[in-house]
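Only one structure is covered here, and it is reproduced in the block below.
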Amino acid sequence: MEDLLKKIEEYKHEITAFNVTDEKQVEDFRIKWLGTKGIVKAIMGEMKNVAAENKKEAGRILNEFKLFTETKFEELKATLTTNNTVTGSSIDLTLPGNAIPVGSRHPVVLMRNKIVSIFQRLGFAVAEGPEIEDDWHNFGALNLPEHHPARDMQDTFYVQTNPDWVLRTHTSSVQIREMEKGKLPIRMLMPGRVYRNETVSARSHCFFHQVEGLYIDENVSFADLKQTLYFFVKEMYGKDVKVRFRPSYFPFTEPSAEMDVSCFICGGSGCNICKKTGWVEILGCGMVHPNVLSNCNIDPNKYTGFAFGMGIERPAMLKYGINDIRLFSENDVRFLKQFTAAT
Ligand code: DAH
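This note's numbering puts the first residue of the sequence shown at 593, with every later residue one more than the last.
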């Protein structure tokens with residue numbers, strides 16, 4: 593009994609002097625003193641050696657020693673938490689959370705997605721091509737040989753390091769890339785950015801976006817073209833919108849047309865947007881020229897097809913009431929933020 597009391601006194605000294613600076617030391621303390629193979633457990637085991645008349649007193653002392661050790665353990669844990677608060681590394685659960693700002697889609701992307709999703713419902717797949725294009729894909733294969741006057745319709749940016757390279761002036765170049773793959777039939781939608789050497793103003797920019805469409809199969813006719821584009825317009829602008837085709841010219845289509853819709857701002861009575869005509873031009877289209885099919889090793893006697901191309905910025909400006917095309921590329925957060933909830 594004497595020995596036991598002495599031992600406990602020594603242990604208590606050791607415990608009292610113990611201090612910690614990190615969690616590992618607290619855990620070491622627990623293992624050493626309170627663990628299943630720890631000192632407290634071991635010393636409890638010595639009860640069996642205590643003489644019967646001392647058992648009651650020894651039990652009280654041992655229990656008190658156990659409580660003493662457990663209290664120290666709790667204190668050590670608490671010191672650590674307090675220290676951390678002082679050094680600022682603890683988590684204060686009462687602080688308000690950081691706000692997560694909601695991003696927004698760019699209006700050009702919103703409009704592109706709208707266009708794409710309508711054609712996807714008709715079975716059109718989506719493809720993309722490079723923005724730096726060679727002369728053949730941007731011009732030659734599209735029936736615009738060198739010195740063809742229609743090349744001047746689009747003021748081209750040339751890439752200085754290679755006289756054969758241009759920044760593509762239209763997404764029609766992607767038509768060629770799709771046809772060259774030789775997998776028929778083709779039902780593709782090809783959105784992307786295009787470049788033209790034009791003076792930047794509120795109404796025109798040196799780069800903008802287009803969506804190109806291409807459908808090649810046996811027995812595709814102009815009636816299919818009209819039906820497809822009618823469907824698109826009704827889905828896009830509503831079923832009351834009127835449509836008209838005007839004969840036009842593109843080297844890569846024959847016959848070619850431009851499609852107008854009745855002005856969806858004034859309803860056709862005449863306003864600034866439609867320049868008092870009641871009509872807004874939305875796209876160019878036509879039957880793919882036999883030369884273009886041949887250039888891509890597609891037999892024009894077996895296959896026919898139609899193509900169309902439309903800009904994205906103009907319809908986006910009309911839909912969202914944007915009056916300056918330059919806003920699209922300035923990345924002004926005050927402008928972009930307005931589209932957080934837009935669809
Ligand atoms: N590439 C023409 C342009 O940029 C648009 C266009 C017209 C595309 C007729 C076509 C088409 O596919 O058939 O102005």
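For glycine and all other residues, C-beta sits at the position ideal for the given N, C-alpha and C.
Delimiting residues of the alpha helix (DSSP H) encompassing residue i
{"i": "residue 783", "result": "Run containing residue 783: none in the alpha helix (DSSP H); it sits in the beta strand (DSSP E), 778-787."}
{"i": "residue 925", "result": "925-928"}
{"i": "residue 865", "result": "Premise fails: residue 865 is in no alpha helix (DSSP H) and is neither H nor E."}
{"i": "residue 829", "result": "814-829"}
{"i": "residue 608", "result": "594-609"}
{"i": "residue 731", "result": "Taken as a continuous stretch (DSSP letters only), residue 731 belongs to no alpha helix (DSSP H), as it is neither H nor E."}
{"i": "residue 907", "result": "905-912"}
{"i": "residue 919", "result": "919-922"}
{"i": "residue 768", "result": "764-772"}
9 angstroms Cβ cutoff met for residue i and residue j
{"i": "residue 793", "j": "residue 918", "result": "yes"}
{"i": "residue 784", "j": "residue 723", "result": "yes"}
{"i": "residue 560", "j": "residue 833", "result": "Residue 560 lies beyond the residue range present for the chain, which begins at 593 and ends at 935; the question has no answer from this structure."}
{"i": "residue 734", "j": "residue 884", "result": "yes"}
{"i": "residue 873", "j": "residue 851", "result": "yes"}
{"i": "residue 635", "j": "residue 654", "result": "yes"}
{"i": "residue 710", "j": "residue 888", "result": "no"}
{"i": "residue 779", "j": "residue 721", "result": "no"}
{"i": "residue 896", "j": "residue 812", "result": "yes"}
{"i": "residue 657", "j": "residue 694", "result": "no"}
{"i": "residue 921", "j": "residue 799", "result": "yes"}
For residue i, the three-state DSSP class (helix, strand or coil)
{"i": "residue 716", "result": "coil"}
{"i": "residue 801", "result": "strand"}
{"i": "residue 673", "result": "helix"}
{"i": "residue 736", "result": "coil"}
{"i": "residue 880", "result": "strand"}
{"i": "residue 623", "result": "helix"}
{"i": "residue 741", "result": "helix"}
{"i": "residue 792", "result": "coil"}
{"i": "residue 649", "result": "helix"}
{"i": "residue 895", "result": "coil"}
{"i": "residue 663", "result": "helix"}
{"i": "residue 637", "result": "helix"}
{"i": "residue 656", "result": "helix"}
{"i": "residue 615", "result": "helix"}
{"i": "residue 688", "result": "coil"}
{"i": "residue 704", "result": "helix"}
{"i": "residue 632", "result": "helix"}
Burial state of residue i (16 or more Cβ within 10 Å)
{"i": "residue 777", "result": "exposed"}
{"i": "residue 822", "result": "exposed"}
{"i": "residue 891", "result": "exposed"}
{"i": "residue 782", "result": "buried"}
{"i": "residue 639", "result": "exposed"}
{"i": "residue 830", "result": "exposed"}
{"i": "residue 704", "result": "buried"}
{"i": "residue 739", "result": "exposed"}
{"i": "residue 848", "result": "buried"}
{"i": "residue 643", "result": "exposed"}
{"i": "residue 730", "result": "buried"}
{"i": "residue 935", "result": "exposed"}
{"i": "residue 637", "result": "exposed"}
{"i": "residue 808", "result": "buried"}
CB contact below 9 angstroms: residue i versus chain B
{"i": "residue 805", "result": "Reference to chain B is not applicable here, since this structure consists of a single protein chain."}
Per DSSP, cross-strand counterpart(s) of residue i
{"i": "residue 756", "result": "None, per the DSSP bridge assignment."}
{"i": "residue 853", "result": "835, 872"}
{"i": "residue 900", "result": "805, 877"}
{"i": "residue 748", "result": "Its beta-bridge partners do not exist; DSSP assigns none."}
{"i": "residue 842", "result": "845"}
First and last residue of the uninterrupted beta strand (DSSP E) at residue i
{"i": "residue 724", "result": "724-726"}
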